[in-house]
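Data block below; observations after.
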Amino acid sequence: FSVDDILIKLFAPASKSPISFVRIAAHFDDLDGVQPITKTLAALGYKVGINLMQSVGKSEEQLANASKTVGSWDGVDLLYFADSLGSMETDEVKRIVSVIKNNWDKELGVHAHNNKGWAVTNTIAAIENGVTWVDSTVLGMGRGAGNAATEILLLELNQKFKMNYHPEALFGLVL
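Structure (structure tokens):
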């Protein structure tokens, strides 16, 4: 079976699917293997994102090369960077966003883990530095110590950016 054969069995055309966005997680060293997947998903009409796993500690050259590589592909709409091990600190978030933005001209996202208790803080720092897509989960549920908690992130966004989200809609789930 080819990648195309498998994807066509797994994914209906986006126009007939309840989902419209597919994000593919990849390690920096595995990016080349992802390109055929992105082409097929884009041809099926999906918005496609790449999630650069374990971004913390990557050199500026590694971040720039990955951004440029993905940016050269047709059909990729969004690039995420992930704190897969939950060890990222705010200065690292700012550094990574800066390098990627210098080498990527489309939407940028962040996926933070909470091993050090910094997932919400790092997500806010990413937003302050131009990231427009962020991940969160109810109660921060996720691998290891979890992710940014949606209900806390919404409260922070309301306070810090004067947004008008309604986190109380989630309180029944989290109490």
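In short: position in the sequence shown from 1, add 590, done, that's the working numbering.
Positions of the beta carbon are idealized from the N, C-alpha and C atoms, including for glycine.
- Give me the Cα-Cα distance between Val638 and Ser610, rounded to the nearest whole angstrom. Locating residue 638 in the sequence shown gives position 48, counting from the first residue. Locating residue 610 in the sequence shown gives position 20, counting from the first residue. Their backbone Cα atoms lie some 9 Å apart in a straight line.
- Message: For Ser649 and Gly762, what's the separation of their Cα atoms in angstroms?
- Response: Position 59 of the sequence shown, counted from the start, is the residue given in the question as residue 649. Position 172 of the sequence shown, counted from the start, is the residue given in the question as residue 762. Rounded to the nearest angstrom, the two C-alpha atoms are 43 Å apart.
- Query: Do Gly661 and Asn712 have their CB atoms nearer than 8 Å?
  - Reply: Walking along the sequence shown from the start, residue 661 turns up at place 71. Walking along the sequence shown from the start, residue 712 turns up at place 122. No. Outside cutoff.
- Check the C-beta distance from Glu746 over to Val721 and give it rounded, since I have them as a contact under 8 Å. What you label residue 746 is simply residue 156 of the sequence shown in a count that begins at 1. What you label residue 721 is simply residue 131 of the sequence shown in a count that begins at 1. Rounded, the Cβ-Cβ distance is 14 Å, inconsistent with contact.
- Leaving out five residues on either side along the sequence, give the residues of the same chain with a beta carbon under 7 Å from the beta carbon of Asn705. As a first step, residue 705 must be located in the sequence shown, where it is residue number 115. Excluding sequence neighbours, Asn705 sits near Leu675, Gly676, Ser677, Gly734, Ala735.
- Can you name the start and end residues of the alpha helix (DSSP H) that Lys761 belongs to? Within the sequence shown, residue 761 is the residue found at index 171, counting from 1. Correcting the residue identity first, residue 761 is Phe in this sequence and not Lys. Its alpha helix (DSSP H) spans residues 758 to 764.
- Query: Do Leu631 and Val612 come within 8 Å of each other at the CB atom, strictly closer than that value?
  - Reply: In the sequence shown, the residue the question calls residue 612 occupies position 22. In the sequence shown, the residue the question calls residue 631 occupies position 41. The answer is yes: Cβ separation under 8 Å.
- Query: Counting along the chain, where does the alpha helix (DSSP H) carrying Gly789 start and finish?
  - Reply: Residue 789 is absent from the model: the chain starts at 591 and stops at 765.
- Item | Paired residues, beta bridge with Phe671 - DSSP | Stepping through the sequence shown from its first residue, residue 671 is reached at position 81. Per DSSP, Leu642, Val700.
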